[in-house]
Each structure stands twice: as C-alpha cells, then as structure tokens.
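**Student:** Sharing a structure, written as structure tokens. Questions coming.
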Amino acid sequence: VMKRRIHMAKPGTFFDSFLSIKKYLNRELRRDMREEASEGAASSLNTSISSNEKKKFYFKKMWLCALMVYLSYVLIYSSRNLLNGIIIARQRPIAKCFTITFIILPITLIMSVLVRKWLSKYSIQRMMTYALGVYCLYFLFVNPALIYFKKRLDVNEFLVADLIADGKVAYKRARFCEILFCALTSWTVTLQFSMINIYESFVQYVLMFSVFNEIFTQKQYNGFVSIIVFCETVSLLTSSILSLMHQQIIASVEYYNKEYVNMTFSGISAALCLTLFSIFAYLRKTVESGRTGSLQRSNVVLHVETPEDDYDSVRDRSLLSLLRLKFVRAISINVITLFILNEFIYISFESGVYTKAKKTFKHVTSSVIKSTDIIRIVSALLILLSLLMSVPRWLIQNNWKFLAYSPCVWMIMVSIVQFTMDTILKGVDNDGFQFVSRAFQSLKSDKNVDLRRCIYGIYNTFTITALIIVRYFRNIGFLITKETLTMMIDSKIRPRLRTIYDGMCPLIGKAIASCVVLFTSELLNFSDARSFSIVVLVFALVVFYFWMKNTRYLVKRYYELF
266 VMKRRIHMAK PGTFFDSFLS IKKYLNRELR RDMREEASEG AASSLNTSIS
316 SNEKKKFYFK KMWLCALMVY LSYVLIYSSR NLLNGIIIAR QRPIAKCFTI
366 TFIILPITLI MSVLVRKWLS KYSIQRMMTY ALGVYCLYFL FVNPALIYFK
416 KRLDVNEFLV ADLIADGKVA YKRARFCEIL FCALTSWTVT LQFSMINIYE
466 SFVQYVLMFS VFNEIFTQKQ YNGFVSIIVF CETVSLLTSS ILSLMHQQII
516 ASVEYYNKEY VNMTFSGISA ALCLTLFSIF AYLRKTVESG RTGSLQRSNV
566 VLHVETPEDD YDSVRDRSLL SLLRLKFVRA ISINVITLFI LNEFIYISFE
616 SGVYTKAKKT FKHVTSSVIK STDIIRIVSA LLILLSLLMS VPRWLIQNNW
666 KFLAYSPCVW MIMVSIVQFT MDTILKGVDN DGFQFVSRAF QSLKSDKNVD
716 LRRCIYGIYN TFTITALIIV RYFRNIGFLI TKETLTMMID SKIRPRLRTI
766 YDGMCPLIGK AIASCVVLFT SELLNFSDAR SFSIVVLVFA LVVFYFWMKN
816 TRYLVKRYYE LF
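Using the working numbering, the first residue of the sequence shown is number 266, and each one after it goes up by one.
Laid out in structure tokens, this is it:
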C-alpha cells in the first residue's frame, strides 16, 4: 500500500486555510474516483460518455452535496444553539424534556410514518423539495413574526415564577404542572425549538441522507461519509462564530434594539434555507441529466435470518415487519442508546450551567450559549485535524472495530464519573439524597471551603473536556459507523429504513432520557436533574449493556461481508 504525504497550507491567512480545505476535499474525491475505477463495474456511465465527462459529473455531484450538508448543518446548529439557551433560561433545563417528549417526538413519528406511505407514490427527491419549500416559508414569514411579536404573543414570563414562589407546587408534588405551564406560557420559543429539531430529524437525516443514498454507489458513499463529517465540522465552527457574534452584538446594543438584531439573524436563517432549496433544485437537474447516461448502481444486499419472501416484500409491509430484520433492529437500538446517554450527559451539563448562572447572577442564555460554543469550537478543531490527517478513512480500512466501540465505551466512562460527581456535589449542597449528604457532611464545614472550590473546578473542567471528546467520538466514530452500515442495506428499502433509525430512533432516545428525568423528578420531588444522578447512572449502565451487545453483533456482520 502506497502511503501519501499530506501537504497542508501554512496557517496564518484565511486564503491559506481555504486552500488546505479545498485540497483535502479534492484529494478525497480523486481517491474515490481511483477506487471506483479499480472496482470496474461498481459504478459507471455508458461507454458513450467519456471518462472526462464522468469525472466532471462525479465532482459536480459531490461538491453540490457537500455544500448542501454544510448549509443545512449551519442552519441547524446556529438556530438550535440560540433557542437552546433561550428555552433553558425561560423554562429551565428539565422543562426542555417536556417539549422533546410530548411535542417533537409525536410530530416526528407521525411524519416518519407518512413518509413510508408517501414513498409508494412520490420520489424521495420530490418530498425533499416539498419539505424545503415549507421550511423556506417558515423562515421567511413565520419565524420573523414570532420574534418580532414575541412579547405580545407570550404570556408574562414571570407568571410561573409567581405561581410557584410560595412553595405549594413543590409541597403538593406537582412539578409536572409547573413544567407544563412553562412550556405553554412561552409557547413561541417552544414552537421555534420544535421546528428546528423536526427539521434536523426529518428533513436532514431522513430525506436529505436518503437522497444521497440514491445518487451515490456504495464505494462513493463510503468516501463521501468523510466529507459529510468534514462539512458538519466546518459548520460547527461557522455556527459557533455566528453565535458568538450574536451574543456580542446583543450585549452591546440597547434593550429595545435587541429584537432587530434577532430579526437580522433570522434573515440569515431564511437566506440559508433559500440557498439550500436552490442548490437542491440544481442538484436534481444535474443528477437527472447524468442519468441519461445510464448510471449503474451496485449495492451489498443485506441478508437476514428471515424467510426470503418476507424480505422481498418487506418494503410493502408494516413497521413491525421492518424491525424483524435483526440487522436493522441492531442499528436502531444503537442509535437509541447513543441518544439516551448523550441526552443524560447534556441534561446534567445544562443543569449545572443553569444553576451556576443563577448563583452568580449571570445571564442564563448567554452562559449556556458560550459554554456550548466552547465545546463545539474545540471539538470541531480536533475533528478537522483528524480529517485532514485521513484518520477516519484509515480506521474504516484498517480498524473499523475501533470506530464501532469507541463511542459507547467513552460515553459510559463519562456517565460514571459525571453522575457520581453530580450526586456527591448535590449532596454537599443539601439538594440530593439524605444518605449522600450525611456521607459527605465533612465537606460542608468552613474548613473545607478551598477543597470544595477545588472539587467544583475539577468538575467543571472535566464536564467541558468530556463533552468535547463525546462530540468527537460521536462524529468520528458513531456517524461513520452508522453510515457505512447503512450502505450494506438493499437500496430498495434503504429510504424507508432511514425513517426508522434516522427519523424516529434519535428522538425516541431523547424522549426516553427525557421521560426518565421527568418522572424521576416528579417521583423523588427534585427540581434539578443532578440531584438524582445516581438513578440516572443505574439506567445508563443498563443502556450501555444493550449498546455493547448490539455493537458486537454489528461488528461481526461487518467483518463477515468485508
């Protein structure tokens, strides 16, 4: 095997950085072209089309798809980061669980089921066009109206605080009603948060990725996965820069001008969505013109332990029939378990940021956004470094097992340390279980003030560092693993299965984690999720067992085929 040297542009100027990125993308594309050529019949146009035309078509298709991924992720991350900070500030971290469980999840499940039915009548490209059109209208008209008229549309934000000030809600163990009132009184933020999460789950991961599955062969898509991760990483940096700019401008303008600043950034979201719609329309035209050259596709067909006639007709059967496929069920469970543990960790992190901001009299929204931006920027730089060094491609070819196991192992290690520290620190603050408070009573004395500060400092540093590495392994490990496994599924049923493990499963995982937090909070009468972290840890260990069990099966199936 010939090893190639990576020539990177010297840091210093934006132009040098751009040349380095462009060189990386072109290198990935040319490498895929050579692999395709060596495969022979893996994917080719008619002999009437010259190799230059084929190469031009392939590069054009790749660049358009990469640009779509980049713009879509910028739209998601920039919008969700701001809304995440606002919803935590106005509704508290635990109230966000209510929105995910009882609003976002049901709508996404309904849409995923409808997509499976619509696939028999409409193409995936047509549905993608309609979905982008709807969101263009939303970002052009609905979102600006919600921002501008928010004060008139929302109920007084201090209403819930006044209702619970006397402590009767906590005494009567009716915290669930408090959470419900928070979501209803600030319903504009709830709607905006729901819309951007539905876009991510439904439009991005179901429709857009299904389109990519249709227009690429397996070899092409395996190479394109690295470009997806690269574009997502660059979009993380872009959205973090936009977020920091937004917070800097908001802090420097007068109160009555803040709405206009938010309106301006809403216009950026609308422009991104319109650009995305235009690029997709051009991509459709490009692919359709390319198919006149009779683009041939080749896929590794998934074989499972079910009767052959069941497999042949599975695309026409119900969701339960699809989940009978053990391979599909294993991928789905892995996605669910990842998002359960990820949601547990982030709920703990956001609760800590919220509590610290309240104690130090800092702005909650700003604190959440800045903390999230730190995690995103550092993790994005680490991922970019790995991509420019071709680490993911090397791992896919030489150590795919490491990619599969690394996310679950790291996340359970983080869960054990973080939830244990949460339990101890909340016990010291007399906001946890009594047996924990008694066990660490010595830390409450005035003599141990410096020790407590040291422990809190270690905890804060560990949480930020752990979340950076969690995001790194989620992008480098889990996403690449899932996408390479996806291409092992027959293309006839792949779009329908995406509605399950890319549309339903992430939100099911978030909803399960949110339900555990909501009902444990109600049962144990705690308002902070970190107060009952020991219960969450037990649940996380059970989830980890199923994740490892399914990962072992998927690794075995992957090495059987490759």
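Glycine residues also receive a C-beta, built at the ideal position from the N, C-alpha and C atoms.
Note down the Cα distance separating residue 507 from residue 328, rounded to an integer number of angstroms.
**Tutor:** Cα-Cα distance, rounded: 23 Å.
**Student:** Cβ of residue 459 within 8 Å of Cβ of residue 419?
**Tutor:** No. Outside cutoff.
**Student:** Give the range of the alpha helix (DSSP H) segment to which residue 465 is assigned.
**Tutor:** First-last for residue 465: undefined, no H or E at that position.
**Student:** Inspect the CB distances between the segment 775–788 and the segment 695–711 and report whether three or more fall short of 8 Å.
**Tutor:** Touching, no, given that fewer than three Cβ pairs across the two stretches are closer than 8 Å.
**Student:** By the 10 Å Cβ neighbour count, where 16 or more other Cβ atoms means buried, how is residue 775 classified, buried or exposed?
**Tutor:** Residue 775 is buried by the Cβ-count criterion.
**Student:** By how many angstroms is the C-alpha of residue 670 removed from the C-alpha of residue 657?
**Tutor:** Between residue 657 and residue 670, the C-alpha separation is close to 14 Å.
**Student:** Since residue 733 is in the alpha helix (DSSP H), which residue starts that stretch and which ends it?
**Tutor:** Unbroken alpha helix (DSSP H) run through residue 733: 714–738.
**Student:** Considering only C-alpha positions, which residue in the set 464, 808, 323 is nearest to residue 400?
**Tutor:** When each option's Cα is compared against that of residue 400, the closest is 464.
**Student:** Measure the beta-carbon distance from residue 346 to residue 634 and round it to whole angstroms, keeping in mind my assumption that it falls under 8 Å.
**Tutor:** The Cβ separation is near 6 Å, so the contact holds.
**Student:** Given this structure, state the Cα-to-Cα distance separating residue 390 from residue 476, to the nearest angstrom.
**Tutor:** Residue 390 and residue 476: Cα-Cα distance of roughly 6 Å.
**Student:** Taking all protein chains shown into account, decide if residue 326 is buried (16 or more other Cβ within 10 angstroms of its Cβ) or exposed.
**Tutor:** Result: buried.
**Student:** Keeping to the same chain, check which residues put their C-beta closer than 7 Å to that of residue 745; ignore five residues upstream and five downstream.
**Tutor:** If we look at residue 745 and ignore the five residues flanking it on each side, its Cβ neighbours are 490, 494, 657, 661, 668.
**Student:** Does the count of Cβ pairs from the segment 632–652 and the segment 731–743 closer than 8 Å reach three?
**Tutor:** Cβ pair count under 8 Å is three or more, so yes.
**Student:** To the nearest angstrom, how far is it from the Cα of residue 772 to the Cα of residue 710?
**Tutor:** Their backbone Cα atoms lie some 44 Å apart in a straight line.
**Student:** Taking residue 412 and residue 524 to be in contact with their CB atoms under 8 Å, please state how far apart those CB atoms are, rounded to whole angstroms.
**Tutor:** Confirmed, about 7 Å.
**Student:** Smallest Cα separation from residue 599: which of 335, 784, 816, 359?
**Tutor:** The shortest Cα separation from residue 599 among 335, 784, 816, 359 belongs to 816.
**Student:** Give me the Cβ distance between residue 454 and residue 370, rounded to the nearest whole Å; I'm assuming they're in contact under 8 Å.
**Tutor:** The pair is not a contact, with the Cβ atoms about 18 Å apart (cut-off 8 Å).
**Student:** For residue 333, which residues in the same chain have their Cβ closer than 8 Å to its Cβ, ignoring the five residues on either side in sequence?
**Tutor:** Within the same chain, residue 333 has close Cβ partners 473, 541, 544, 545, 548.
**Student:** Just verifying my parser: in three-state terms, what is the DSSP assignment at residue 388?
**Tutor:** Residue 388: coil per DSSP, three-state reduction.
**Student:** If I follow the unbroken alpha helix (DSSP H) through residue 692, where does it start and stop?
**Tutor:** Counting along the chain, the alpha helix (DSSP H) containing residue 692 begins and ends at 665–693.
**Student:** Do the CB positions of residue 338 and residue 500 come within less than 8 Å of each other?
**Tutor:** A contact, by the Cβ cut-off of 8 Å.
**Student:** Compute the Euclidean distance between the alpha carbons of residue 619 and residue 625, then round it to the nearest angstrom.
**Tutor:** Straight-line Cα distance between these residues: approximately 10 Å.
**Student:** Taking Cβ to Cβ, would you say residue 708 is nearer than 8 Å to residue 718?
**Tutor:** Their beta carbons are not under 8 Å apart, which means residue 708 does not touch residue 718 by this criterion.
**Student:** If I'm right that residue 468 touches residue 397 with Cβ under 8 Å, what's the distance once you round it to whole angstroms?
**Tutor:** Confirmed, about 7 Å.
**Student:** Compute the Euclidean distance between the alpha carbons of residue 344 and residue 376, then round it to the nearest angstrom.
**Tutor:** Near 21 Å, if we compare the C-alpha coordinates of residue 376 and residue 344.
**Student:** Helix, strand or coil: which one does DSSP assign to residue 518?
**Tutor:** Three-state result, residue 518: coil.
**Student:** Let's test the definition: count the other Cβ atoms within 10 Å of the Cβ of residue 417 and tell me whether it reaches 16, buried, or not, exposed.
**Tutor:** So residue 417 ends up on the exposed side.
**Student:** Indicate the three-state DSSP secondary structure (helix, strand or coil) for residue 361 in the structure shown.
**Tutor:** Residue state, collapsed to three classes: helix.
**Student:** Could you compute how far the alpha carbon of residue 729 sits from the alpha carbon of residue 796?
**Tutor:** Going by the C-alpha atoms only, they are around 19 Å apart.
**Student:** Could you tell me the boundaries of the alpha helix (DSSP H) in which residue 774 lies?
**Tutor:** Start and end: 770–789.
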